[in-house]
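Here it is as structure tokens:
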């Protein structure tokens, strides 16, 4: 029993230490957010933005405003991935739409 | 990368991969022949629903099964669009501050002309919809434009549609390469998948008319604009063609364009053209 408690405490300390060592900074967030915004802007020029990109960008900003930069960076990266998927969709659909056409 | 950020990024990557393999490789379809398109379009729907008469398609989901059709007949006894229609009639005849009215902006004083909209304006080189023409009329006479999606615009277009009831859609494509290009762009928009859900207009209205999407029965694309504007129970109010297009986009998690963006004007041109010959039935009511 004592061993188990000791192990748990040590594990918790190790996890806490590891987390603080890799905690995201405000600069990390700014870089991730800028990349996501740039990708979303490109999707906009293709007239194919997704609502989920916008809401995820907003969630990233909200997390950053509350000082939770880990979450803010994670949300910004997700937003960037969504924006890139929308760019891929718009680009591939330039020809693919013809497959659906009734002829 | 931490697990918390890895999961969403991985899910987005998976979505990308699915998109990549969602459809087979491309076949060429480069000749633009609107008349042949319209013929094939009608044939597709009449083959798919052999019991329906062509004019039944303008009743959207109410044409798709007997129970719904009965509901529609009952609804038409006291149609929910009636208040809007009355308001539109009053607004249409009321003069602007400068003494002119909508009647001065349209052929035949605006009566019985809805079936000719949208049209391709060769001077402007673009498609002009009825909603756009109404707001241009207001602005030319010193009045502020209306919102394109509901209320006043829906009331005005409801009245104009009502004066055209039974008249077949008669959309023209003039011998102008820009008109053909607008038609083709409208077609491209209709078939192009968009939004995070990866739907095109055709996904619902070509591939699945008559099927349910949650509680709704999907309308066939043939004749889909003939009943516009519509009272939708889901909206608890009236909506224009612009409202239908923008909400379709947001429902599939795509950011809607501005109402009356060129893409929507072209889309309306295409969809109206392929329904040529089917009667105007607006204003309509939908679940």
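Residue numbers (this note's numbering), protein chains in the order written: chain F, 2 to 104; chain G, 860 to 1146.
Cβ atoms here follow ideal geometry from the backbone N, Cα and C, with glycine treated the same way.
Looking at the DSSP output, residue 1018 of chain G bridges to nothing. Residue 1074 of chain G sits exposed, since fewer than 16 C-beta atoms from the chains shown fall within 10 Å of its C-beta. For residue 31 of chain F, not one C-beta of chain G is nearer than 9 Å to its own C-beta. With respect to chain G, the C-beta atom of residue 99 of chain F has a partner C-beta closer than 9 Å. Nearest C-alpha to residue 1035 of chain G among G:1116, G:980, G:969: G:980. Under the 9 Å criterion on CB atoms, residue 83 of chain F is classed as interfacial with respect to chain G. Across the structure, residue 53 of chain F and residue 83 of chain F are spaced so that their CA atoms are roughly 7 Å apart.
The alpha carbon of residue 28 of chain F has as its nearest neighbour, out of F:71, F:39, F:85, the alpha carbon of F:71. DSSP places residue 901 of chain G in no beta strand (DSSP E) but in the uninterrupted alpha helix (DSSP H) bounded by 893-907. Interface residue (Cβ-Cβ distance to chain F less than 9 Å): residue 1114 of chain G is classified as such. Between residue 1118 of chain G and residue 944 of chain G, the C-beta spacing is not below 9 Å.
Residues of chain G whose Cβ lies closer than 7 Å to the Cβ of residue 94 of chain F are, in chain order, 1051, 1052. 44, 45, 48, 49, 50, 51, 52, 53, 54, 55, 57: these are the residues of the segment 41-64 of chain F whose beta carbon lies less than 9 Å from some beta carbon of chain G, given in chain order. From the listed residues G:932, G:1114, G:951, the smallest Cα separation to residue 42 of chain F is found for G:1114. The alpha-carbon of residue 967 of chain G is positioned some 17 Å away from that of residue 954 of chain G. At a cut-off of 9 Å between beta carbons, residue 27 of chain F makes no contact with chain G. Exclusion of the five residues before and after residue 946 of chain G leaves 1014 as the residues of its chain whose Cβ lies within less than 6 Å of its Cβ.
The residues 1045, 1048, 1049, 1104, in chain order, have a CB closer than 7 Å to that of residue 1126 of chain G in the same chain once the five nearest residues on each side in sequence are set aside. Secondary structure of residue 1094 of chain G (DSSP, three-state): coil. In this structure, residue 1025 of chain G lies near residue 1139 of chain G, with their beta-carbon atoms less than 9 Å apart. Secondary structure note for residue 62 of chain F: it is in no beta strand (DSSP E), and the uninterrupted alpha helix (DSSP H) holding it is 52-66.
In summary, no residue of the segment 1127-1142 of chain G has a CB separated from any CB of chain F by less than 7 Å. Setting aside the 5 residues that flank it on each side, residue 933 of chain G has no residue in the same chain whose C-beta is closer than 7 Å to its C-beta.
Judged by DSSP in its simplified three-state form, residue 1045 of chain G adopts helix. Residue 920 of chain G is not a Cβ neighbour of residue 1090 of chain G, given a cutoff of 9 Å.
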